[in-house]
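K.L.:
Here's a structure for you.
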Amino acid sequence: MTATTLTTGAAPRQIRGGVIGMLRDSWVVAKRNLRRMTRIPEIVVFGLMQPVMFVLLFTYVMGGAIQVPGGDQNAYKQYLMAGIFAQTVTFAVAGASAGIAEDMTKGLVDRFRSLPMARSSVLVGRTVADLVQTAFTVLVLAIVAFIVGWRFNNGILKALAAFGLLLLLGYAFSWIGALIGLSVRSPEAATSAGLIWLFPLTFVSNAFVPVSSMPSWLQPIANWNPFSATVQACRELFGNPTGVPNHSWPMEHAVWVSIGWSLLILAVFSYLSVRKYRSATA
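Written out as structure tokens, the structure reads:
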């Protein structure tokens, strides 16, 4: 009787195993986090405020003082938006790291551990929910950009491809946030750790000024920055001004370099995050 009981009890775990089971469990976790966002709309509202403020400040306060070579004052508005979009998807890292740190400190992870579910699904579900929120933020930001005069000029398909690159970069970076959230002891520390390294990453790039305006020793760093590759690729796909011609290899192959960087970051940090999660909950 005992052997029969043990065999029957183990069956559900076998059914939920494998890739299909992991995806099912991940979707359950993702829905839980998406429902939480709808119940606490402040999370979404305040997440929208920062990128909208960046657009308005750069456009109306600093935009008149920054000129894109070969363009008029309106050219900087077109030049700027790819950088703001990319900054928005990467700054979502702070929310991802804080959310995972909060789940760890409140014992939610321990409750997930008691269920017959793949451990990696907790992180996959969380990052997918963050991706959905990021996509909504980018949509609202694009509407604001249209209102202030930004346009894409290469057709809807290339524009959608540009937004796809942005979301791929954002999803890859959310796994960096996951690793940070698993490595610190509080949500407050996770928020700080998730943001502090993003400022040099985003500003030592072609997001807001041409790389040619930087010191010569800094230009190769900016050119090989994964953030710069995505910004350059989006400008090309949107048909927006790219500033001074940049003949460095990553900038001449920006679309493929952007995809390559995003997939590399995703592969490395998803592996490190899942390993860290397993060791933390062992």
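Here the sequence shown is numbered in the UniProt record's numbering, starting from 1 and rising by one per residue. No residue lacks a Cβ here, since even glycine has one placed at the ideal position from N, Cα and C.
Any idea if TYR76 is buried or exposed, counting beta-carbon neighbours within 10 angstroms, 16 or more meaning buried?
P.N.:
Buried, since its Cβ has 16 or more Cβ neighbours within 10 Å.
K.L.:
Quick test of the definition: if touching needs 3 or more C-beta pairs under 8 Å, does the region 125-136 touch the region 19-38?
P.N.:
Yes: the two stretches touch, three or more of their Cβ pairs being nearer than 8 Å.
K.L.:
At which residues does the alpha helix (DSSP H) containing PHE152 begin and terminate?
P.N.:
Counting along the chain, PHE152 falls outside any alpha helix (DSSP H), and DSSP gives it neither H nor E.
K.L.:
How would you label TYR277, buried or exposed, when you count the other beta carbons within 10 angstroms and need 16 or more for buried?
P.N.:
TYR277 is buried by the Cβ-count criterion.
K.L.:
Under 8 Å by Cβ, that's how I've got VAL211 and ASN223 pegged, so tell me the actual separation to the nearest angstrom.
P.N.:
Rounded, the Cβ-Cβ distance is 6 Å, consistent with contact.
K.L.:
Measuring only the C-alpha atoms, how far is LEU198 from PRO250?
P.N.:
Using only the alpha carbons, I get a separation of about 20 Å.
K.L.:
Report buried or exposed for ALA3, applying the criterion of at least 16 other Cβ atoms within 10 angstroms of its Cβ.
P.N.:
For ALA3, the pLDDT reaches just 45, beneath the cut-off of 50, and the residue's location in the model is therefore unreliable, although a value from the coordinates is still provided. Answer is exposed; the Cβ neighbour count stays below 16.
K.L.:
Quick one: give me the first and last residue of the alpha helix (DSSP H) that ALA233 is part of.
P.N.:
It spans 226-238 - the alpha helix (DSSP H) in which ALA233 sits, taken as one unbroken run.
K.L.:
Between TRP150 and the rest of its own chain, which residues show a CB-CB distance below 7 Å, the 5 nearest in sequence each way excluded?
P.N.:
Only LYS77, GLN78 and MET81 meet the Cβ criterion.
K.L.:
I'd like to know if the region 156-175 and the region 255-269 are in contact, where contact means that at least 3 CB-CB pairs between them fall below 8 Å.
P.N.:
With a cut-off of 8 Å, the region 255-269 and the region 156-175 count as touching, because enough Cβ pairs lie within range.
K.L.:
Give the straight-line distance between the Cα atoms of VAL28 and SER120, rounded to the nearest whole angstrom.
P.N.:
Their Cα atoms are separated by approximately 13 Å.
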